[in-house]
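*Asks:* Residue numbers (the working numbering): 105 to 294.
Just so you know, even glycine gets a beta-carbon here, dropped at the ideal spot from N, CA and C.
Input: one structure, supplied below.
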Amino acid sequence: MKNHSIYIVFLLVAGVFMSSCLKRTEMYHFTQHDSLYFNIYDTLQSYTFKTNNGIDTLRITEKYVIERYDEWYFFLEGTPGSTFEAYSYCEGLLRHNGNDEEFYISFEKIKDNQDPEITIILAERYAMPVEDSRNFVKPGIYKDVIVVDSMNSHQNNSSDQHFLFESLKWHKYKGIVEYKLSDGTVYKAE
105 MKNHSIYIVF LLVAGVFMSS CLKRTEMYHF TQHDSLYFNI YDTLQSYTFK TNNGIDTLRI
165 TEKYVIERYD EWYFFLEGTP GSTFEAYSYC EGLLRHNGND EEFYISFEKI KDNQDPEITI
225 ILAERYAMPV EDSRNFVKPG IYKDVIVVDS MNSHQNNSSD QHFLFESLKW HKYKGIVEYK
285 LSDGTVYKAE
């Protein structure tokens with residue numbers, strides 16, 4: 105009888121383990137097309153922008169991509185799908201008139217067959233994520249040029265800011281193609 109009880113407990117534990125060990129059905133990985141978005145800037149270079157008020161410089165200080173290809177999900181990892189989304193992050197500094205302001209952009213693959221969701225932080229301006237309809241060709245697919253301004257972002261005015269971003273245009277394959285700063289500085293790609 106004692107061996108029978110141990111056998112039943114073993115079967116229950118094995119059943120619970122097997123039912124919580126499921127093959128992943130929601131795996132969203134960056135496509136080759138998606139990777140073009142976050143391979144624009146590299147940490148080994150500085151990028152210059154000829155403005156109407158001199159030259160600004162963008163220097164990327166940190167960049168990484170997290171993408172897991174594990175096929176199985178274990179109950180100890182959290183809710184199904186929570187750790188399987190591909191994520192890319194890029195952080196840097198934009199130098200304007202001798203002052204640096206922080207620049208962040210991230211791409212998170214939320215759904216298959218859609219563009220990665222884009223989050224842009226420009227010093228005090230936050231678009232988390234960029235989700236207004238004027239930036240989409242259709243739901244889930246961004247236009248090539250994405251606009252971040254007062255209509256789709258928030259601004260946290262801080263006394264530490266040397267300049268404010270009024271607007272930014274981000275091209276999915278080229279990066280920053282235009283911006284306007286609070287001091288009247290304008291950059292437009294040629």
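(1) Compute the distance between the beta-carbons of A190 and K215, then report whether it is under 7 Å.
(2) Are the segment 264 to 272 and the segment 235 to 253 touching by the rule of at least three beta carbon pairs closer than 8 Å?
(3) If we call anything under 7 Å between Cβ atoms a contact, is L198 one with L162?
(4) Taking 8 Å as the threshold, find out whether the segment 142 to 151 comes into contact with the segment 234 to 243 through three or more Cβ pairs.
(5) State yes or no: is the C-beta of E228 within less than 7 Å of the C-beta of N260?
(6) Closest to Y283 by C-alpha separation, out of I225, H266, K292, would be which residue?
(7) Report the residue from T223, D287, S192, K242 whose alpha carbon sits nearest the alpha carbon of H258.
(8) Please check the pair I164 and D146, which I expect to be a contact at CB under 8 Å, by giving their CB distance rounded to whole angstroms.
(9) With respect to the beta strand (DSSP E) encompassing F153, which residues constitute its N-terminal and C-terminal limits?
(10) Between which two residues does the alpha helix (DSSP H) harbouring S139 extend?
(11) Which residue wins for smallest C-alpha separation from I144, given the options I280, S286, D287?
(12) With DSSP as the reference, label N239 as helix, strand or coil.
(13) Do I209 and C194 have their beta-carbon atoms positioned less than 7 Å apart in this structure?
(14) Note down the Cα distance separating V290 from Q136, rounded to an integer number of angstroms.
(15) May I ask which residues mark the beginning and end of the beta strand (DSSP E) holding D204?
(16) Considering just the uninterrupted stretch of the beta strand (DSSP E) at K284, what are its terminal residues?
(17) Check this for me: beta carbons of H266 and N203, under 7 Å apart or not?
*Replies:* The relevant details are as follows:
(1) Locating residue 190 in the sequence shown gives position 86, counting from the first residue. Locating residue 215 in the sequence shown gives position 111, counting from the first residue. No.
(2) yes
(3) If you number the sequence shown from 1, residue 198 lands on position 94. If you number the sequence shown from 1, residue 162 lands on position 58. Yes, Cβ-Cβ distance for L198 and L162 is below 7 Å.
(4) no
(5) Here residue 228 refers to the residue found at position 124 when the sequence shown is read from its first residue. Here residue 260 refers to the residue found at position 156 when the sequence shown is read from its first residue. Closer than 7 Å, so yes.
(6) Residue 283 sits at position 179 when you count from the first residue of the sequence shown. Minimum Cα distance to Y283 is reached at K292.
(7) Position 154 of the sequence shown holds residue 258. The shortest Cα separation from H258 among T223, D287, S192, K242 belongs to T223.
(8) Sequence index remark: in the sequence shown, residue 164 carries index 60 (1-based). Sequence index remark: in the sequence shown, residue 146 carries index 42 (1-based). About 6 Å separates the two Cβ atoms, so the contact holds.
(9) The count along the sequence shown starts at 1 and reaches residue 153 at position 49. 150 to 155 is the span of the beta strand (DSSP E), which, as asked, contains F153.
(10) Against the sequence shown, residue 139 aligns to sequence position 35. Segment 136 to 142, the alpha helix (DSSP H) holding S139.
(11) The residue you call residue 144 lines up with position 40 of the sequence shown. Taking only the C-alpha atoms, the option nearest I144 is I280.
(12) Here residue 239 is taken as the residue at index 135 of the sequence shown, counted from 1. Here N239 sits in helix by DSSP.
(13) As a first step, residue 194 must be located in the sequence shown, where it is residue number 90. As a first step, residue 209 must be located in the sequence shown, where it is residue number 105. Against a cut-off of 7 Å, the Cβ pair of I209 and C194 comes out as a contact.
(14) Within the sequence shown, numbered from 1, the residue matching residue 290 stands at position 186. Within the sequence shown, numbered from 1, the residue matching residue 136 stands at position 32. Cα to Cα, the separation comes out at about 32 Å.
(15) Working through the sequence shown from its first residue, we reach residue 204 at position 100. Start and end: 203 to 212.
(16) Reading the sequence shown from its first residue, position 180 is the one you call residue 284. Element bounds for K284: 279 to 285.
(17) Taking the sequence shown and counting its residues from 1, the one referred to as residue 266 is at position 162. Taking the sequence shown and counting its residues from 1, the one referred to as residue 203 is at position 99. Taking 7 Å as the Cβ cut-off, H266 and N203 qualify as a contacting pair.
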